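Trainee:
Numbering (the numbering used here), first residue to last: 951 to 1137.
#1: When the distance is taken between beta carbons, is residue 1111 closer than 8 Å to residue 958?
#2: Any contact of the segment 1077-1091 with the segment 1002-1012, i.e. 3+ C-beta pairs under 8 Å?
#3: Should residue 1081 go down as buried or exposed, given a rule of 16 or more other Cβ atoms within 10 Å for buried?
#4: To which residues does DSSP link residue 956 through a beta bridge?
#5: Leaving out five residues before and five after residue 1135 in sequence, what residues of the same chain have Cβ atoms less than 7 Å from its Cβ?
#6: Short of 8 Å in beta carbon distance, which residues of its chain neighbour residue 960, apart from the five on each side in sequence? Order them along the chain.
#7: Just to confirm the assignment: which complete beta strand (DSSP E) runs, minimum length 3, are found wholly within the segment 1043-1068?
#8: Going by C-alpha to C-alpha distance, which of 978, 1089 and 965 sits closest to residue 1015?
#9: Do you know offhand how far residue 1040's Cα is from residue 1049's?
#10: At what residues does the beta strand (DSSP E) containing residue 1027 begin and finish?
#11: Compare the Cα-Cα distances from residue 1123 to each of 972, 1129, 962 and 980 and report the closest residue.
#12: In whole angstroms, give me the CA-to-CA distance for residue 1028 and residue 1044.
If you want it as structure tokens, here you go:
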């Protein structure tokens, strides 16, 4: 199953008009939840910006400030990643540059694991949604309206029906919503 999971404002943006997303900093409870979900993945497809933002978890020892963050760094470092970029010539950590199309790479990584595969980066995920590859949408809805920026979801030519299969509120603030495409089995 291909899973798109992102933090999002109430008005549907993953970053504000300035490209900032500091408002998505997770609480300890939410960080632990992210760690548990990341442990369930067998691979990850990401765009260049997300790859660069997350690379610190593999390369910067200062990220290991406590047991929870050390555990996340271990899990993220072990996770095989495929990076889609038109500008990078090489990548670091447990990653490789994509050599094929998104459809080909998604199929290859899904075939290499019996676990779910994550996808991140709004542009890359938008392409995967348009191709009908995303099975599972996971939103962490933050109580903020940013009024513009990088949209979480692309415009679509046809409706995509979803089933709400899970929801939860963290610290009486962030609402987690998990949706699956209609007609697909829940995990």
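Quick reminder that beta carbons are idealized off the backbone N, C-alpha and C, glycines included.
These figures come from a predicted structure and were not determined experimentally.
Mentor: On the basis of the coordinates in this document:
#1: no
#2: no
#3: exposed
#4: 1089
#5: The predicted position of residue 1135 is uncertain, since its pLDDT is 47 and thus under 50; no value can be drawn from it.
#6: 1091, 1092, 1093, 1094 and 1095
#7: 1045-1047
#8: 978
#9: 12 Å
#10: No beta strand (DSSP E) contains residue 1027, which is instead part of the alpha helix (DSSP H) from 1017-1028.
#11: 980
#12: 7 Å
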